[in-house]
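Peer 1: Taken in sequence, the protein lines are chains A and B. Our numbering puts the first sequence at residues 1 to 113. Our numbering puts the second sequence at residues 1001 to 1113. For every residue, glycine included, the Cβ atom is placed at its ideal position computed from N, Cα and C. Okay, handing you the structure first.
Number of protein chains: 2
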Amino acid sequence: MHQGLRRLSAVIMHLATFTWRPDVTNDDVVAVIEALSSLPDQIPELLSYSFGPDLGLREGNADFAVAAVLESPQTLPAYLDHPEHVRILSEFIAPSMATRQAVQIELPDEAAS
Amino acid sequence: MHQGLRRLSAVIMHLATFTWRPDVTNDDVVAVIEALSSLPDQIPELLSYSFGPDLGLREGNADFAVAAVLESPQTLPAYLDHPEHVRILSEFIAPSMATRQAVQIELPDEAAS
């Protein structure tokens, strides 16, 4: 499903997984969630936006994840570099973050709807 | 969107981000992609399944990601512990993998459709 030529019009998913510093509190995480909740209304390029704490179903997991679906690779900056997203990263996420892994992948056509 | 009580019926997303070892080739990654492509037909609990190499849009990204949507936390083992998934992890992914971060998050209700 991802072996085709990369089309400029492809829908993409941005995924980011995070681990928190040992001193991060539940209130810190709630503040991150509340801040991120404001983004979909401000960034129309977000086709879907999901995020939250790890559910604790498996040992060894990271602590938090974000999955953002965007209408094209060209619209990634409209999310990642949006001033409010940059502010949330700087004020809420960076102070709590131990590690982060981000990836952008192409989604199959049927994910565009 | 994630502050509610955790419902046992909640749709969840499993996210995993990977970095590859330096000696991993494009053919190795194609083999991973082809192997993972066989899973949706074998695991009906997968509501959606997206994966692929990082598109190279941002510096510092990891190399590969998987996003699997499942109908409930209870169905996570139907995917993660499925014998074919376990075989692909062991034969195709583990030999190429440098690091992995996995998270499961709850999705809002509208993601269930």
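Residues of the segment 1049 to 1062 of chain B with a CB closer than 8 angstroms to any CB of chain A: list them in chain order, please.
Peer 2: Against chain A - using a Cβ distance shorter than 8 angstroms - the residues of the segment 1049 to 1062 of chain B are S1050, F1051, G1052, P1053, D1054, L1055, L1057, R1058, G1060, N1061 and A1062.
Peer 1: Decide yes or no for the touch test of the segment 1020 to 1035 of chain B against the segment 73 to 80 of chain A: beta carbon pairs closer than 8 angstroms, at least 3 of them.
Peer 2: They do not touch, by the three-pair rule.
Peer 1: Taking any Cβ of chain B, which residues in the segment 91 to 107 of chain A have a Cβ under 8 angstroms from it, in chain order?
Peer 2: Against chain B - using a Cβ distance shorter than 8 angstroms - the residues of the segment 91 to 107 of chain A are T99, Q101, A102, V103, Q104, I105, E106 and L107.
Peer 1: What is the DSSP secondary structure of T1025(B), counted as helix, strand or coil?
Peer 2: T1025(B) falls in the coil class under three-state DSSP.
Peer 1: Looking at chain A, which residues of the segment 1008 to 1027 of chain B have a Cβ within less than 7 angstroms of any of its Cβ atoms?
Peer 2: Those would be I1012, M1013, L1015 and T1017, in chain order.
Peer 1: Which residues of chain B have a Cβ atom closer than 7 angstroms to the Cβ of A65(A), listed in chain order?
Peer 2: The contacting residues are L1015, V1103 and I1105.
Peer 1: Which class does E91(A) belong to by DSSP, given the choice of helix, strand or coil?
Peer 2: It is helical.
Peer 1: Does the segment 91 to 99 of chain A come within contact of the segment 1037 to 1053 of chain B, defined as at least 3 CB pairs closer than 8 angstroms?
Peer 2: Output reads no: the segment 1037 to 1053 of chain B does not touch the segment 91 to 99 of chain A.
Peer 1: Check whether the segment 46 to 65 of chain A and the segment 13 to 32 of chain A are in contact - that is, three or more C-beta pairs closer than 8 angstroms.
Peer 2: Verdict: yes, contact present.
Peer 1: Just the chain A side, please: which residues come within less than 8 angstroms of L1076(B) by C-beta, in chain order?
Peer 2: Chain A residues near L1076(B): L57 and R58.
Peer 1: Do you know how far the Cα of P53(A) is from the Cα of G1004(B)?
Peer 2: Here the model assigns G1004(B) a pLDDT of 47, short of 50, so the residue's position is not dependable and the matter cannot be decided.
Peer 1: Thinking just about the alpha-carbon of each residue, which of I88(A), S90(A) and L80(A) is nearest to the one in A102(A)?
Peer 2: Ranking I88(A), S90(A) and L80(A) by Cα distance to A102(A) puts L80(A) first.
Peer 1: Please report the Cβ distance between S1090(B) and L107(A), rounded to the nearest whole angstrom; I am assuming they are in contact, meaning their Cβ atoms lie under 8 angstroms.
Peer 2: Not confirmed; about 27 angstroms, so no contact.
Peer 1: With 9 angstroms as the threshold, decide whether the Cβ of P1073(B) is near any Cβ in chain A.
Peer 2: Taking Cβ atoms only, chain A reaches closer than 9 angstroms to P1073(B), which makes this a yes.
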